[in-house]
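**Student:** Residue numbers (our numbering): 34 to 205.
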Ligand SMILES: [Zn+2]
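What follows is the structure in structure tokens.
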């Protein structure tokens, strides 16, 4: 089976601002199905459409908690960020083998549309809040490496350079 590849840093599509979907049609549902499959195959807990080169505001996640297993959100918006923040190690399918501690809000409230076209509001904390913030960042062209402090940023410099070289070799 030919699979759409996950776009790897520094692919420029990862820096783009994605467009609102607004209408949940068959194309949207087919894309979500692909996203869920690709995420599962890659062993990720979250994936955003831009990571497949599609600049649409769609994210999927898969957490152990039942209601957030294979959850898709269309046009998600973060309505509230808690002032309280936490540092936690993050990775990203578009930044293979890179991990770093990222500071994010402990809690967020996210509004979005489900596959069935229902508007939902999610009160999230801890890991769920983190995955939502990470994936919604992708829709705005933001990667977790853009949120690192200078110390953490130094720690990933060489790995980013290696990805950059690999990408240049593939595209030239
Ligand atoms: Zn990511």
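C-beta atoms are modelled at their ideal positions from N, C-alpha and C, and glycine is treated no differently. Computed from a predicted structure; not experimentally measured.
1) On the three-state DSSP scale, how would you describe residue 56?
2) One question on the structure: do residue 39 and residue 84 come within less than 7 angstroms of each other, judged by their Cβ atoms?
3) At 4 residues or longer, what runs of the alpha helix (DSSP H) sit wholly inside the segment 71 to 110?
4) So, are the CB atoms of residue 101 and residue 135 less than 7 angstroms apart?
5) Just list the alpha helix (DSSP H) runs in the segment 169 to 205, keeping only unbroken ones of 4 residues or longer that don't cross its boundaries, in chain order.
6) Can you tell me whether residue 184 is buried or exposed? The criterion is at least 16 other CB atoms within 10 Å of its CB, across all chains shown.
7) Would you call the segment 57 to 68 and the segment 105 to 120 touching, i.e. three or more CB-CB distances under 8 angstroms?
8) Quick one: grab the DSSP three-state call for residue 39.
9) Report buried or exposed for residue 145, applying the criterion of at least 16 other Cβ atoms within 10 angstroms of its Cβ.
10) From the DSSP output, in three-state form, read off residue 147 for me.
11) Out of curiosity, what's the CA-to-CA distance linking residue 192 and residue 111?
**Tutor:** Well, looking at it:
1) The residue labelled residue 56 in the question sits at position 23 within the chain shown. Residue state, collapsed to three classes: coil.
2) As a working mapping, residue 39 is identified with position 6 in the chain shown. As a working mapping, residue 84 is identified with position 51 in the chain shown. Yes, the Cβ-Cβ distance between residue 39 and residue 84 is below 7 angstroms.
3) none
4) Residue numbering aside, residue 101 sits at position 68 when the chain shown is read from its first letter. Residue numbering aside, residue 135 sits at position 102 when the chain shown is read from its first letter. Judged by their CB atoms, residue 101 and residue 135 are not nearer to each other than the 7 angstroms cut-off.
5) 183 to 204
6) The residue you call residue 184 lines up with position 151 of the chain shown. Flag for residue 184 reads exposed.
7) yes
8) In the chain shown, residue 39 corresponds to position 6, counting from 1. Three-state result, residue 39: coil.
9) Translated into positions along the chain shown, residue 145 becomes position 112. When all chains shown are included, residue 145 counts as buried.
10) Your numbering for residue 147 matches position 114 in the chain shown. DSSP places residue 147 in coil when its eight states are reduced to three.
11) Locating residue 192 in the chain shown gives position 159, counting from the first residue. Locating residue 111 in the chain shown gives position 78, counting from the first residue. When rounded, the distance between both Cα atoms is 30 angstroms.
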